[in-house]
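Quick note on my numbering: the sequence shown kicks off at 1437 and runs consecutively. Scroll down for the structure; my scribbles are underneath it.
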Amino acid sequence: MTRPDRLTGLLRRPPRDADRPSGYLDLLGPTAEPAPTLAQHAMRSTLLPQIYERVWRPVGFNLAKGWPFGPDTAAEQALAREWLGLAAPGDADKPAATVLDVACGPGNVTRALAAGVSDDGLVVGLDASATMLARAVADTAEPTVEYVRGDAVDLPFRDGVFDAVCCFGALYLFDDPWAAVDSMARVLRPGGQLMILTTRRPRLPVSRLATEAFGRVAGVTMFGDREVTAALRDRGFTRVRHRRFPLMQVTAAQR
Ligand SMILES: C[S@@+](CC[C@H](N)C(=O)[O-])C[C@H]1O[C@@H](n2cnc3c(N)ncnc32)[C@H](O)[C@@H]1O
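Here it is as structure tokens:
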């Protein structure tokens, strides 16, 4: 079975026309609504996808993770593969896993996950932004990767079809993050691993007020230290692992 056919097999409602003239499967079509927040507006722009992976992501995220003490991009990607049960790039034995990267942007994390699956694996990157996906398609040569334009809050996949689900740098943008977590839990098979990298509300009152004010203006939710871990436990997840950085936190758990 070809990978596009495998992708179609994962969908709840496979489209009649599965053509992908832009290199990704578009399940949203033309959207006329304006971007609801400043941050979402930036994600749909043509400029951000061009500078995201080389400038915005390493500078912004590494600072938020407490550079030079927190994990840099390479260490973060290695942790993602480890906590999601994938292999390291050099390993001889890699799992033929089916993996979902929710809100994949220009495919930076998607490709890092693809380095941890075998040639029989499949890594699906899903995002709502056509400009981000155009960049992802242009930058991805890995044959194990497929891209879909869809909504993270209402994932278009069947129940329990993924071995691992990853959502990095995006939960704080969603209008309903907990509905998105429900959706991620639904598409994950029992025993599968979910991993989320998101914002962290600092404890120091002055930093807390400043980041919350920024969040309100930009449309970015700052999450408390126990909010994501509690959300996963409430949904029946076990083996919860959690690491805190100054303005970010990463959580993984088993369904
Ligand atoms: C900051 S980028 C994260 C990219 C990548 N995951 C990373 O960790 O660098 C956030 C992405 O979330 C996407 N996004 C925001 N809301 C979304 C939604 N409701 N459904 C799907 N994608 C969404 C944006 O289009 C953007 O590409």
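A virtual CB, placed ideally from N, CA and C, is assigned to each residue, including glycine.
Residues that DSSP places opposite residue i in a beta bridge
i, result
"Ile-1632", "Cys-1603, Thr-1687"
"His-1678", "Thr-1687"
"Val-1559", "Val-1535, Val-1581"
"Asp-1462", "Arg-1585"
"Phe-1598", "Leu-1624"
"Phe-1593", "Leu-1447"
Rounded separation between residue i and residue j - CA only
i, j, result
"Phe-1598", "Val-1642", "41 Å"
"Arg-1622", "Thr-1647", "32 Å"
"Glu-1578", "Arg-1547", "7 Å"
"Ala-1616", "Leu-1464", "17 Å"
"Leu-1474", "Asp-1611", "13 Å"
"Arg-1644", "Lys-1501", "16 Å"
"Asp-1729", "Gln-1476", "For the chain, the structure presents residues 1437 to 1691; residue 1729 sits outside this window and is missing."
"Asp-1455", "Asp-1462", "9 Å"
Proximal residues to residue i (C-beta, below 8 Å), its chain only, five neighbours per side dropped
i, result
"Gln-1685", "Leu-1633, Thr-1634, Thr-1635, Arg-1636, Phe-1659, Asp-1661, Val-1664, His-1678, Arg-1679"
"Met-1437", "Gly-1445"
"Phe-1673", "Ala-1621, Leu-1630, Ala-1689, Gln-1690, Arg-1691"
"Asn-1498", "Gly-1506, Asp-1508, Thr-1509"
Within 8 Å, strictly: CB atoms of residue i and residue j
i, j, result
"Pro-1531", "Ala-1523", "yes"
"Met-1479", "Val-1538", "no"
"Ala-1516", "Met-1631", "yes"
"Tyr-1460", "Arg-1585", "yes"
"Tyr-1608", "Thr-1687", "no"
"Cys-1540", "Leu-1520", "no"
"Gly-1596", "Arg-1625", "yes"
"Pro-1613", "Arg-1448", "no"
Option nearest residue i by Cα separation, candidates the options
i, options, result
"Pro-1638", "Ala-1533, Pro-1682, Lys-1501", "Pro-1682"
"Val-1601", "Val-1559, Ala-1528, Leu-1609", "Val-1559"
"Asp-1590", "Gln-1476, Arg-1625, Asp-1618, Thr-1657", "Asp-1618"
"Leu-1484", "Arg-1442, Arg-1671, Thr-1467, Thr-1567", "Thr-1567"
"Gly-1655", "Ala-1588, Ala-1606, Arg-1493, Pro-1626", "Ala-1606"
"Val-1553", "Ala-1564, Gly-1526, Ser-1565", "Gly-1526"
"Thr-1482", "Ser-1565, Thr-1467, Pro-1613, Pro-1626", "Ser-1565"
Same chain, Cβ closer than 6 Å to residue i, neighbours up to 5 away in sequence not counted
i, result
"Phe-1604", "Val-1545, Leu-1633"
"Gly-1557", "Ala-1532, Ala-1533, Thr-1580"
"Val-1535", "Leu-1549, Val-1559, Ala-1600"
"Arg-1442", "Leu-1558"
"Glu-1518", "none"
"Glu-1582", "Arg-1439, Leu-1443, Val-1560"
Residues of its chain near residue i, where Cβ-Cβ distance is below 7 Å and the 5 sequence neighbours each way are ignored
i, result
"Pro-1542", "Pro-1485, Tyr-1488, Glu-1489, Met-1568, Arg-1571, Ala-1572, Asp-1575"
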